[in-house]
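Peer 1: This is the structure, below, for whatever I ask next.
Protein chains in written order, with the numbering used here: chain A, 27 to 684; chain B, 11 to 148.
Okay, structure coming up:
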């Protein structure tokens, strides 16, 4: 213990007190009568007893004089006598063995404490207490009571009741900032109920001002009001998964991948002065929410708080971002002019587009994006301009953002096997009514390249491989005669609610889809239709094999139990009616491209009965070449693998449209 | 319940006396002993040695850390009576024998006598302190 400290002092005091107590008790026992000194003695009659922690609390009535002189019949509770709460330590209580109606003499030094809440006075330090025995009647009573054990109620104290050491006055004058709501709402997800507004004072409306005054480190207690122009996902930078799929070639139809994507939800926002900013928000665990966020947030106003600056980027360094910004320029409403009054506004027709943009991100632990979902779409919002594919093909420019609604006909995955599926480029062949309904002059089908940097939701991936779907391509890039989906392009399954439908036809296609016929302009990596006559068969490439009719597995095995049956280990079942796939390369003579040798890999699926299959397997031959020559083939839908001029050859593969 | 109000009043008297005279009278010390029993002397010892630190984060969130006699750091909450020491778990929670443990009492006494050390930390650091307690107990 510290020398001269409080603990040492209390120790000394305590020791002295203990000696005094034991001396006093000893004196009581030996004298067997009430000590003569009566000054300062508190006389109380116990009304009720309960226990709190180890302290015994006795609600008592203070008596004027010792009831020894009174008869038991006179010991009636007089309402005018003051009530006290007398506290006894466990030790004293055990010594006293008090019960209601007992009279206790409490000798000094005892302490009286008056409570703030106006409760009855409390008596403490009651070590020197003695029970007063009344007349011989009470002795008998004492004996009977002494035998029965009394149950004392124990109050459990709540831990929530803390002690406030400040005076009431201090508490009233306390700063309101102490009670300020420190927590701020997270980004909303899936329709939460309306949340509390941020408890900060001023709402700014200039991004530039915020950035310049608050600095890069973080914005404290300030908000900026902006309009959300676009919502999209960006792949996270830290993409270090080395994912190997083994060496098995994956077929073009399987685009799904079960690994969770590593993407961040981002907003492209614009303030009232026309300045843009890209806000990078949280990582998404599932990209399926993207469609929801787009629908609910695009066009709405929101308040940003707790941001920090990630980067200040310029046009030259972020072509993709600026191509998107350019598509939103010029603004559709007049802009505010910095430094001037509210009324003056700037006409925007000749304003040059922005040359720099701040990329903001959230500070960890504090996400402050309050979106007014209930409010109307802002006037500043520019929805994507949806055009028909015909118009897009006519766009004169490079790196133009374009949006369209089209039907996906065929999908092809890039064939690099060491790259995970979700990081591979995808080639889509799409069309719409503007292309299909034209006689000639423009292609009927357009190729759209989807790069790995364009984040696709699982829903989209499944939809693309499952069947012919109408897909909304938002903010794709057009340039050099190609449409590509890159970062900030979003593919959605639902028609956009708001769009400038300038000549766009969002209707479904009626009638079967037609592809361009193979001709001299056909290029590699495109799709076309052809017809011709079989002039040759590449026998070396002809083979057939049975596949499972349930899952399409091409690697069936012979059943170990019955070598006459085929077994599919993916379904873990016997295949009773396998589908026979035949592959053959034929040479065609096509009138539409008569100069070239047209080589088509033809697929054929036939569901055969067991007997026929067995026969085929036994004879190791599928069919006679002679029966095929001279046959007319057409109209086949094909994918063009390659086009070479020397030799003049076109290699194609028959495909099935979605 | 009576005891908490009594304890609170006693502590306020101590604070008032200390503010007026930088001295705590004997009867208040004995009062501490009466109400808090065996925790009183150890708690005062902790105060003498300035073992109590008030930890605050920018949001206004506070907690207290008390350096126990064994050298171990215990965390006491400010919003309710809670301490991570085993005595609290046993005497207060399980047996309801004590109102507080010596650490919480030391926190109050340090508050009353202005003997708290102050420490400002970030939100994250405060959260880590709280989470670390969870891990220890788990």
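Positions of the beta carbon are idealized from the N, C-alpha and C atoms, including for glycine.
(1) Between which residues of its own chain and residue 28/B is the CB-CB distance below 8 Å, once the five residues before and five after are set aside?
(2) Taking residue 183/A as the query, report the chain B residues whose CB atoms sit under 9 Å from its CB, ordered along the chain.
(3) Determine the DSSP secondary structure at residue 574/A, reduced to helix, strand or coil.
(4) CB residue 395/A to CB residue 307/A, shorter than 8 Å?
(5) Does the region 479-486 of chain A come close enough to the region 328-344 of chain A that 3 or more CB-CB pairs lie under 8 Å?
(6) Round the Cβ separation of residue 502/A and residue 429/A to the nearest angstrom and send it over; I've been treating them as touching at under 8 Å.
(7) Using DSSP's beta-bridge definition, name the partner residues of residue 474/A.
(8) Quick check: what's the CA-CA separation for residue 216/A versus residue 81/B?
(9) Only counting the same chain, and skipping five residues up and downstream in sequence, which positions put a Cβ closer than 7 Å to that of residue 111/B?
(10) Just to check my reading of the structure: residue 434/A and residue 456/A have Cβ atoms closer than 8 Å, yes? What is that Cβ distance to the nearest angstrom?
(11) Starting from residue 21/B, find everything on chain A with Cβ-Cβ shorter than 9 Å and list it in chain order.
(12) Which stretch, first to last residue, makes up the alpha helix (DSSP H) that contains residue 26/B?
(13) Which one of 388/A, 657/A, 361/A, 387/A has the shortest CA to CA distance from residue 378/A?
(14) Which residue comes first and which comes last in the beta strand (DSSP E) that contains residue 125/A?
(15) Are the C-beta of residue 33/A and some C-beta of chain B separated by less than 8 Å?
(16) Whose C-beta lies closer than 8 Å to the C-beta of residue 440/A among residues of the same chain, with five residues either side of it excluded?
(17) Since residue 51/B is in the alpha helix (DSSP H), which residue starts that stretch and which ends it?
(18) Using a Cβ-Cβ distance cut-off of 8 Å, determine whether residue 80/A contacts chain B.
(19) Return helix, strand or coil for residue 398/A, following the three-state DSSP convention.
(20) Just curious, the alpha helix (DSSP H) that residue 109/A is in, first and last residue?
(21) Using a Cβ-Cβ cut-off of 8 Å, state whether residue 78/B counts as contacting chain A.
(22) State the beta-bridge partners of residue 128/B as determined by DSSP.
(23) Using the C-alpha atoms, what's the distance from residue 353/A back to residue 680/A?
(24) Is any beta-carbon of chain A found at less than 8 Å from that of residue 28/B?
(25) Is residue 664/A closer than 8 Å to residue 539/A when the C-beta atoms are compared?
(26) With a threshold of 8 Å between beta-carbons, can residue 28/A be considered close to chain B, or not?
(27) Flag residue 333/A as yes if its beta-carbon sits less than 8 Å from any beta-carbon of chain B, otherwise no.
(28) For residue 108/B and residue 78/A, which I take to be in contact (beta-carbon distance under 8 Å), what is that distance rounded to the nearest angstrom?
(29) If you count every other CB in all the chains shown that lies within 10 Å of the CB of residue 120/B, and 16 or more means buried, which is it?
(30) Am I right that residue 403/A and residue 326/A are in contact with their C-beta atoms under 8 Å? What's the rounded C-beta distance?
(31) Using a threshold of 8 Å, state whether the C-beta atoms of residue 66/B and residue 75/B are closer than that.
(32) Count the other CB atoms, across all protein chains shown, that sit within 10 Å of the CB of residue 255/A; report buried if there are 16 or more and exposed otherwise.
(33) Any chance the region 15-24 of chain B sits against the region 121-129 of chain A, with 3 or more Cβ pairs inside 8 Å?
(34) So is residue 418/A in contact with chain B if we call contact Cβ pairs under 8 Å?
(35) Run down chain A in chain order and give the residues with a C-beta less than 9 Å from the C-beta of residue 127/B.
(36) Which same chain residues end up closer than 6 Å to residue 662/A when comparing Cβ atoms and leaving out the 5 residues on each side of it in sequence?
Peer 2: Considering the structure as presented:
(1) Working through the second chain from its first residue, we reach residue 28/B at position 18. For residue 28/B, where only same-chain residues beyond five positions count, the Cβ hits under 8 Å are 34, 122, 123, 124.
(2) Taking the first residue of the first chain as 1, we reach residue 183/A at position 157. The contacting residues are 11, 13, 14, 91, 102, 106, 109.
(3) Position 548 of the first chain, counted from the start, is the residue given in the question as residue 574/A. Three-state result, residue 574/A: coil.
(4) To locate residue 395/A, count along the first chain from 1; it is residue 369. To locate residue 307/A, count along the first chain from 1; it is residue 281. Result yes, Cβ atoms of residue 395/A and residue 307/A sit closer than 8 Å.
(5) Output reads no: the region 479-486 of chain A does not touch the region 328-344 of chain A.
(6) One-based indexing of the first chain puts residue 502/A at position 476. One-based indexing of the first chain puts residue 429/A at position 403. Confirmed, about 7 Å.
(7) Your numbering for residue 474/A matches position 448 in the first chain. Per DSSP, 454/A, 509/A.
(8) Mapped onto the first chain, residue 216/A falls at position 190. Mapped onto the second chain, residue 81/B falls at position 71. Residue placement at residue 216/A is flagged as unreliable, the pLDDT there being 28, under the threshold of 50; a coordinate-derived value is accordingly withheld.
(9) Against the second chain, residue 111/B aligns to sequence position 101. Contacts found: 49, 93, 95, 97, 98, 101, 102.
(10) For this step, residue 434/A is matched to residue 408 along the first chain. For this step, residue 456/A is matched to residue 430 along the first chain. Confirmed, about 5 Å.
(11) Along the second chain, one-based indexing puts residue 21/B at 11. Those within 9 Å of residue 21/B in chain A are 189, 191.
(12) Stepping through the second chain from its first residue, residue 26/B is reached at position 16. Looking at the DSSP string, the run of the alpha helix (DSSP H) that includes residue 26/B is 13-31.
(13) In the first chain, counting from the first residue as 1, residue 378/A sits at position 352. Residue nearest to residue 378/A within the set 388/A, 657/A, 361/A, 387/A is 361/A (criterion: CA-CA distance).
(14) What you label residue 125/A is simply residue 99 of the first chain in a count that begins at 1. Careful: residue 125/A lies outside any beta strand (DSSP E) and carries neither H nor E.
(15) Along the first chain, read from residue 1 onward, the residue named residue 33/A stands at position 7. For residue 33/A, the answer is yes, since a Cβ of chain B falls inside 8 Å of its Cβ.
(16) The count along the first chain starts at 1 and reaches residue 440/A at position 414. Counting only Cβ-Cβ distances below 8 Å, and skipping sequence neighbours, we find 450, 451, 452, 453.
(17) The sequence position of residue 51/B within the second chain is 41, counting from 1. Where residue 51/B is concerned, the enclosing alpha helix (DSSP H) stretches over 50-58.
(18) Here residue 80/A refers to the residue found at position 54 when the first chain is read from its first residue. So, interface residue.
(19) Here residue 398/A corresponds to residue number 372 of the first chain, with the count starting at 1. Residue 398/A: coil per DSSP, three-state reduction.
(20) By 1-based counting over the first chain, the position of residue 109/A is 83. Where residue 109/A is concerned, there is no enclosing alpha helix (DSSP H), although the beta strand (DSSP E) it sits in stretches over 109-114.
(21) One-based indexing of the second chain puts residue 78/B at position 68. Not closer than 8 Å to any Cβ of chain A, the Cβ of residue 78/B fails to qualify, so no.
(22) Your numbering for residue 128/B matches position 118 in the second chain. Residue 128/B is bridged to 64/B.
(23) Numbered from its first residue, the first chain carries residue 680/A at position 654. Numbered from its first residue, the first chain carries residue 353/A at position 327. Using only the alpha carbons, I get a separation of about 39 Å.
(24) For the purposes of this step, residue 28/B is identified with residue 18 of the second chain, where counting begins at 1. Taking Cβ atoms only, chain A never reaches closer than 8 Å to residue 28/B, which makes this a no.
(25) Indexing the first chain from 1 puts residue 539/A at position 513. Indexing the first chain from 1 puts residue 664/A at position 638. No, these two residues do not count as a Cβ contact at 8 Å.
(26) Stepping through the first chain from its first residue, residue 28/A is reached at position 2. It does: the Cβ of residue 28/A has a partner Cβ on chain B nearer than 8 Å.
(27) Taking the first residue of the first chain as position 1, residue 333/A is located at position 307. Judged by the 8 Å Cβ criterion, residue 333/A is not in contact with chain B.
(28) Start at 1 with the first residue of the second chain, and residue 108/B comes out as number 98. Start at 1 with the first residue of the first chain, and residue 78/A comes out as number 52. Incorrect: roughly 11 Å between the Cβ atoms, too far for contact.
(29) For the purposes of this step, residue 120/B is identified with residue 110 of the second chain, where counting begins at 1. Flag for residue 120/B reads buried.
(30) Counting from 1 along the first chain, the entry for residue 403/A is found at position 377. Counting from 1 along the first chain, the entry for residue 326/A is found at position 300. The pair is a contact, with the Cβ atoms about 7 Å apart (cut-off 8 Å).
(31) For the purposes of this step, residue 66/B is identified with residue 56 of the second chain, where counting begins at 1. For the purposes of this step, residue 75/B is identified with residue 65 of the second chain, where counting begins at 1. Going by C-beta atoms, residue 66/B is not nearer than 8 Å to residue 75/B.
(32) As a position in the first chain, residue 255/A is number 229, starting the count at 1. With 16 or more Cβ atoms within 10 Å of its Cβ, residue 255/A is classed as buried.
(33) no
(34) To locate residue 418/A, count along the first chain from 1; it is residue 392. No, no contact with chain B.
(35) Reading the second chain from its first residue, position 117 is the one you call residue 127/B. Within chain A, no C-beta atom comes less than 9 Å from the C-beta of residue 127/B; the nearest is roughly 16 Å away.
(36) Here residue 662/A refers to the residue found at position 636 when the first chain is read from its first residue. Counting only residues of its own chain and dropping the five nearest sequence neighbours on each side, residue 662/A has a CB closer than 6 Å to the CB of 556, 680.
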